[in-house]
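Below is one structure, written out as structure tokens, with a few remarks after it.
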Amino acid sequence: MISVLTKRADFLAANSGTRNARSGFVLLTRPNDGQGIRFGITVTKKIGNAVVRNRMKRRFRELLRAALPTQGLPDHDHVLIGRAGGVERDFHLMAEELAKALERAREGRGDPSGGRRPRKGNRGGSKGR
RNA sequence: UCAGGGGGCCUGAGGCAGCCGCGUGCCACUCAUGCGAAAGCGUAAGGGCGCGAGGAAAGUCCGGGCUCCACGAAACAAGGGUGGCGGGUAACGCCCGCCGGUUGCCCGCAAGGGCGGCAAGGGAAAGUGCCACAGAGAGCAAACCGCCGAUGGCCCUUCGCUCGCGAAGGGGACAGGCAAGGGUGAAAGGGUGCGGUAAGAGCGCACCGGGGGGCCGGCAACGGCAACCGCAUGGCAAACCCCACCCGGAGCAAGGCCGAAUAGGGGCCGCGCGCCUCCCAGCAAUGAGAGGCAGGGGUGUUUCGCCCCGAGCGGCCCGGGUUGGCUGCUAGAGCCGCGGAGCAAUCCGCCGACCAGAUGAAUGGCUGCCACCGUGCGGCAGGUCCCCUCGGGGAUACCGUGCACGGAUACAGAACCCGGCUUAUGACGGCCCCCUGAUGAA
RNA sequence: GACCCCGUAGCUCAGCCGGAUAGAGCACCAGAUUCCUAAUCUGGGGGCCGCGCGUUCGAAUCGCGCCGGGGUCA
Numbered sequence: 026m027i028s029v030l031t032k033r034a035d036f037l038a039a040n041s042g043t044r045n046a047r048s049g050f051v052l053l054t055r056p057n058d059g060q061g062i063r064f065g066i067t068v069t070k071k072i073g074n075a076v077v078r079n080r081m082k083r084r085f086r087e088l089l090r091a092a093l094p095t096q097g098l099p100d101h102d103h104v105l106i107g108r109a110g111g112v113e114r115d116f117h118l119m120a121e122e123l124a125k126a127l128e129r130a131r132e133g134r135g136d137p138s139g140g141r142r143p144r145k146g147n148r149g150g151s152k153g154r
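Numbering (my numbering), first residue to last: 26 to 154.
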């Protein structure tokens, strides 16, 4: 059974899971204690106006619909975060990238820094000492 | 009539097919499935059928519907808004028409007229306030340069003389007169011309402008006419303000129902706690129980009937908890077509169709073909031009056509629903108006 | 969905109501002081006042329409 994430708390919890970034999206995966395969999509206002955001979410849903039943991680939450190139990027290319990202997530490997990184524009680094 | 340019309005951004997929409404014939011996009764996961974003869905700038709250009606006050007149409308700050203003072009000697564009256009003789700098003077007008010096002094010359003065001429510019010209300014107390004067001035006259009253026309804004008034009082109200008119407040996160969770709390207010019989306790007041009547609620088309309650119920506020589901939720001041009224906005009548209801939020993904633009190649169905033995041959810049490649495909996503405004974008089309040129007709 | 506030120098803000000079602090530049720097003192530069249209003689200020940013309400 595939269901949709609707709670803000679930999205926040996914931030502590495995993170795999590709050029069109960022994939977060996290075990959810037997809730089945669930997915959610986050597209921020920075990406564009409502038409662009809705279009990106539709394409992501189409990608997940094709990939999750066969390649999805059982009893995990999958969260896709849209990035700037995700609207124009070729659909088949993104399908391959999603398959590879799911493969890495299945092996339990994420991006090198693992969890949350301090953002580049953060002023804390220069102020430290 | 054609071509080019400018402007406005309408339409509204791809189309078709195939495979997979999404939201929603309906459907039990077939398939699937539950009960049943069967007839049959269910179940919407699959399946079938239908529908599925916009002209701005946007900004949230106005006006309504709808819901709740408040309120005796209404008026006044406060606050806010609108502002030529008439019409349209459910209503509006919107739309249409007209009026006055202003501006461009054309006609005309001029006065004036025609066509088009633009604009938030009540009141400045109700009051208050402001008008910097410059300038003499900025709101009781004033007099710097300047003009004059007629009138009254003063000075000079000549003449007369009763030696006091008088007359004529001249000069300076003291008093005084003036506001035409210069200069300052955004603005200097009507404009042009002629007369007039010492110089001037509405001082007088003509025309233009202005004013209050009258007459005529118009529903009105307003316009026209003749006479009168020499003209006395600039601008700003998108400064305060005055006048006229309009507005109760909040908003679908309104409102209603259910569930979960927490508390099983506190305060205030309103309505009610009835009657009879039997039995028990008690000396009694009274209390507990059973039945009936009255009462309340539900079901229900009404009576009847059935069920429940029968001593508490309801409302508001505080405190605490929850951020789930259903409803409101889409058929409408709506849309298509035809006819009629009206200059128009718009209205009336008839006919037809049913046209989104999502909620981490439904329209997507892939493939092919056709459409738009450009480039290249092939004379290549056809046009066009040239030659010609009239069958054809050749050339193709251009109109096309076949193939290949490349490009473009806007602004933008309903969230209770309508009417507007504003802003963004406007491909291909369609209609209308204006200007210019050519041609033809009268 | 409903509503509120703010855009002025590189940064933080005055000035706006009540109209006519665009200002303050920090930062920057130059000079002085010091062996050098910091601090201090003196002087200086830097603004389409978010954008457009309008009212007015005159707009940062008044009116309207946009753009951008921030915030509140179950």
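Backbone N, C-alpha and C define an ideal beta-carbon position, used for all residues, glycine too.
Counted as a single uninterrupted DSSP element, the beta strand (DSSP E) harbouring residue 46 occupies residues 43–46. Ranked by how close their Cα comes to the Cα of residue 50, the residues 33, 104 and 31 have 104 in first place. Residue 66 and residue 78 have their C-alpha atoms roughly 11 Å apart. Between residue 130 and residue 43 the beta-carbon gap is near 5 Å, inside 8 Å, which marks them as a contact. Within the same chain, 66 and 105 come within 6 Å of residue 85 by CB-CB distance, once the 5 residues on both sides are set aside. Counting along the chain, residue 56 sits inside the beta strand (DSSP E) bounded by residues 50–56.
Between the beta-carbon of residue 76 and that of residue 107 there is about 14 Å, and that puts the pair past the 8 Å contact cut. One alpha carbon belongs to residue 96, the other to residue 74, and they sit about 32 Å apart. Taking all protein chains in view, the Cβ of residue 64 is crowded by 16 or more other Cβ atoms within 10 Å, so the residue is classified as buried.
For the pair residue 34 and residue 115, the Cα-to-Cα distance works out to about 32 Å. Between residue 126 and residue 47, the C-beta gap is smaller than 7 Å, which places the two residues in contact.
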